[in-house]
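Going by the working numbering, the sequence shown opens with residue 110, and the numbers climb by one from there.
Even glycine gets a Cβ: it sits at the ideal position worked out from N, Cα and C.
Only a predicted model underlies this, so the values are computations on that prediction, with no experimental measurement involved.
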Amino acid sequence: VFEVSDDEYDAFACGTESPAVSGARCDELATAGLDFDPASLNQPSIAVSQLVSRQTVTRRVHNPGGESRSFVASVDAPPGFTVTLDPSSITVPAGGSASYDVTMTYDSGPLDLWRFGALTWNNDDFDVFSTIAVRPASVKAPAEFATFGGTGNLTIPVEFGYSGSYNARVHGLSLPTITDGFVDNDPNKTFTVRSGGGVTQHKFLIPADQLYLRFALFDALTDGDDDLDMYIYYSPDDINYTKIGQSGEPTSEERFDYFRPPAGYYAVLIHGFETDQVSGGQGANYQLLAWRLGINNDLGNMTASGPSIVNAGSTEDVDVGWANLQSDTIYFGAISHNTPQGISGVTLITIGN
110 VFEVSDDEYD
120 AFACGTESPA
130 VSGARCDELA
140 TAGLDFDPAS
150 LNQPSIAVSQ
160 LVSRQTVTRR
170 VHNPGGESRS
180 FVASVDAPPG
190 FTVTLDPSSI
200 TVPAGGSASY
210 DVTMTYDSGP
220 LDLWRFGALT
230 WNNDDFDVFS
240 TIAVRPASVK
250 APAEFATFGG
260 TGNLTIPVEF
270 GYSGSYNARV
280 HGLSLPTITD
290 GFVDNDPNKT
300 FTVRSGGGVT
310 QHKFLIPADQ
320 LYLRFALFDA
330 LTDGDDDLDM
340 YIYYSPDDIN
350 YTKIGQSGEP
360 TSEERFDYFR
370 PPAGYYAVLI
380 HGFETDQVSG
390 GQGANYQLLA
400 WRLGINNDLG
410 NMTASGPSIV
420 NAGSTEDVDV
430 GWANLQSDTI
440 YFGAISHNTP
450 QGISGVTLIT
460 IGN
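#1: Which value, in whole angstroms, describes the spacing of the CA atoms of Ser436 and Asp195?
#2: Let me know if Pro245 comes out buried or exposed under the rule of 16 or more other beta-carbons within 10 Å of its beta-carbon.
#3: Quick one: Cα of Arg224 to Cα of Gln396, how far?
#4: Whole angstroms are fine: how far does the CA of Val237 sit from the CA of Thr193?
#5: Check Glu53 in the structure and name its three-state DSSP category.
#6: Output the distance between the C-alpha atoms of Ile439 and Glu383, rounded to the nearest integer angstrom.
#7: Report yes if the CB atom of Ile287 is closer than 7 Å to the CB atom of Leu378, and no otherwise.
#8: Given this structure, state the Cα-to-Cα distance separating Phe313 from Arg168, to the nearest angstrom.
#9: Can you have a look at Leu150 and say buried or exposed, based on whether 16 or more other CB atoms are within 10 angstroms of its CB?
#10: With DSSP run on the structure shown, which of helix, strand or coil describes Ala186?
#11: For Asp144 and Phe121, I'd like the C-alpha separation in whole angstroms.
#12: Taking buried to mean at least 16 other C-beta atoms within 10 Å of its own C-beta, is Ile444 buried or exposed?
#13: Thinking C-alpha only, which one of Ile315, Tyr271, Glu117 and Ile265 is nearest Arg369?
#14: Determine which residues share a DSSP beta bridge with Asp210 and list them.
#15: Measure from the alpha carbon of Thr516 to the alpha carbon of each residue in Ile418, Trp431, Leu457 and Glu425, then state which is nearest.
#16: Sorted by chain position, which residues of the same chain lie with C-beta nearer than 6 Å to Val181's C-beta, five sequence neighbours on each side aside?
#17: For the candidate residues Met213, Gly204 and Pro187, whose alpha-carbon lies nearest to that of Gln164?
#18: Let me check one thing: in DSSP terms, what residues is Trp230 bridge-paired to?
#19: If you follow the beta strand (DSSP E) that Tyr395 is part of, which residue opens it and which one closes it?
#20: With distances taken from CA atoms, which of Gln355, Phe365, Ser361 and Thr256 is nearest Asp332?
#21: By the three-class DSSP mapping on this structure, what secondary structure does Arg244 have?
#22: Please return the same chain residues whose Cβ sits closer than 8 Å to the Cβ of Pro251, not counting the five positions on each side in sequence.
#23: What is the DSSP secondary structure of Asp115, reduced to helix, strand or coil?
#24: Which runs of the beta strand (DSSP E) fall wholly inside the segment 326-366 and span at least 3 residues, in chain order?
#25: Determine which residues share a DSSP beta bridge with Lys249 and list them.
#26: Use the C-beta contact count for Asn410: other C-beta atoms within 10 angstroms, 16 or more gives buried, fewer gives exposed.
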C-alpha cells in the first residue's frame, strides 16, 4: 500500500499550476520541509514532466498484513533511459514500511516527448506494478515569480538538457485591462450560462500570435466579503462557445491562465456564489483584470540577459531587471526560453507596485 498523508496531498497541490489550497497553507508546508514537486507524491505511478539529465524520486510502501513480505525489482526502462533502484530488493515487515529510490537517467533520443516504462516488485505470491512516464526536457525553469517594486531585478536559474544556442526573450511587462462589474447574489448557488440572476458576462476579443492570456479576480478588488467564481468560454466566431476553464476558490481570489491562446472571443462569466450586502440588496462590485502577452511583445520596461550557448546538464542564470513602473497596479510579463526548436518553456513574472 502506498500511503499518502493530508500534508503530502496538500504539498502536491501547492506544486501544481493552480493550487487548490491557500497560499498560507503552502507557506506552512514549505516551512515544514515538504516537497512540492508533483513527482514526489507517494503514489504507485511515477511521472516526471520535466527531467533534465537525471532525477530521483522516493516511494514508501506499507504492509498492512500480518506477515513480512520480500520483493525483488524488475525494470522495463522507458526508451532512451536508464532506471536504477536503491535498494533493488526490499523486505516490508508486518504492519511496517519500507522506502526505495528510483533514479531515471536520460541517455538518448528526442527531447520534450513522453516516454513510458514500468517497474515491478516481484514476490512469490503477487507482484506490485508501477508505470513510469518521463519527459526529457530541453529546458527546466521556474514557472513563475511574484514580486513588488517599480524598479528591481531577479535571477532565473535555468537547467539545460541539450547543447546549442539559447535565447531568453522578453514579453511585457503589460498593464492589465480593467473591467468594472457588478453581479447579483445567487441564492441557489448554482451556475448556469446566463446573463443576470447572479451571473455577469464579459467578452474579450484576443488577436492571433499571443503567448499567454490571464484573467483574474482579487479579494481586494471586490467591495466586501464576497465569494465570486469565474467561468471561461471560447469561440472562434462569436457564435458557438465552448467552456475551456473555471476558477472556484472559496473567496474571490480567482485566476485563469492560457498558454498560446488561439485568436477569437473569450467570454468570462462571473458568478455571485455568495455575496454580502451592498446598497439596494445583496451583490458585489468587482474589477476583472485581464492581461495578454504577444509572441512579439517587448514593451521596453523589462530586460533579460542570459547565455547564448549552453551545454547539456548545465545550469545557467538569466538576469531580469525592470524600472519605472507605474504605482497602484499589477504588471504581468514573461521570459520565454528559446531553443533551436522554438519556445521550450516560459517563466511568468508578476510585479505589484
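Looking at the atomic coordinates:
#1: Rounded to whole angstroms, Ser436 and Asp195 show a C-alpha spacing of 54 Å.
#2: Per the 10 Å Cβ criterion, buried.
#3: Near 44 Å, if we compare the C-alpha coordinates of Gln396 and Arg224.
#4: Rounded to whole angstroms, Thr193 to Val237 spans 17 Å at the Cα level.
#5: Only positions 110 to 462 of the chain appear in the structure, and residue 53 is not among them; the question remains open.
#6: Distance between the alpha carbons of Ile439 and Glu383 is about 26 Å.
#7: No Cβ-Cβ contact shorter than 7 Å links Ile287 with Leu378.
#8: Rounded to the nearest whole angstrom, the CA to CA distance from Phe313 to Arg168 is 46 Å.
#9: Buried is the call here.
#10: Ala186: coil per DSSP, three-state reduction.
#11: If I take the Cα positions, the gap works out to 8 Å.
#12: It counts as buried.
#13: If we check each option's Cα against that of Arg369, Ile315 comes out closest.
#14: According to DSSP, Asp210 shares a beta bridge with Thr167 and Asp195.
#15: Since the first residue shown for the chain is 110 and the last is 462, residue 516 is missing from the structure and cannot be characterised.
#16: Excluding sequence neighbours, Val181 sits near Ser198 and Asn231.
#17: Considering only alpha carbons, the answer is Met213.
#18: According to DSSP, which records beta bridges pairwise, Trp230 is partnered with Ala182 and Val237.
#19: Its beta strand (DSSP E) spans residues Gly390 to Gly403.
#20: Of Gln355, Phe365, Ser361 and Thr256, the residue nearest in Cα terms is Ser361.
#21: In this structure, Arg244 counts as strand in the three-state DSSP scheme.
#22: Sequence-distant Cβ neighbours of Pro251 in its own chain, meaning closer than 8 Å and more than five residues away, are Ile265, Pro266 and Thr456.
#23: DSSP places Asp115 in the helix class (H, G or I) of the three-state scheme.
#24: Qualifying beta strand (DSSP E) stretches, in chain order: 336-344 and 351-356.
#25: Checking the DSSP bridge columns, you'll see Lys249 partnered with Glu268.
#26: Here Asn410 is buried: its Cβ has 16 or more other Cβ atoms, across all protein chains shown, within 10 Å.
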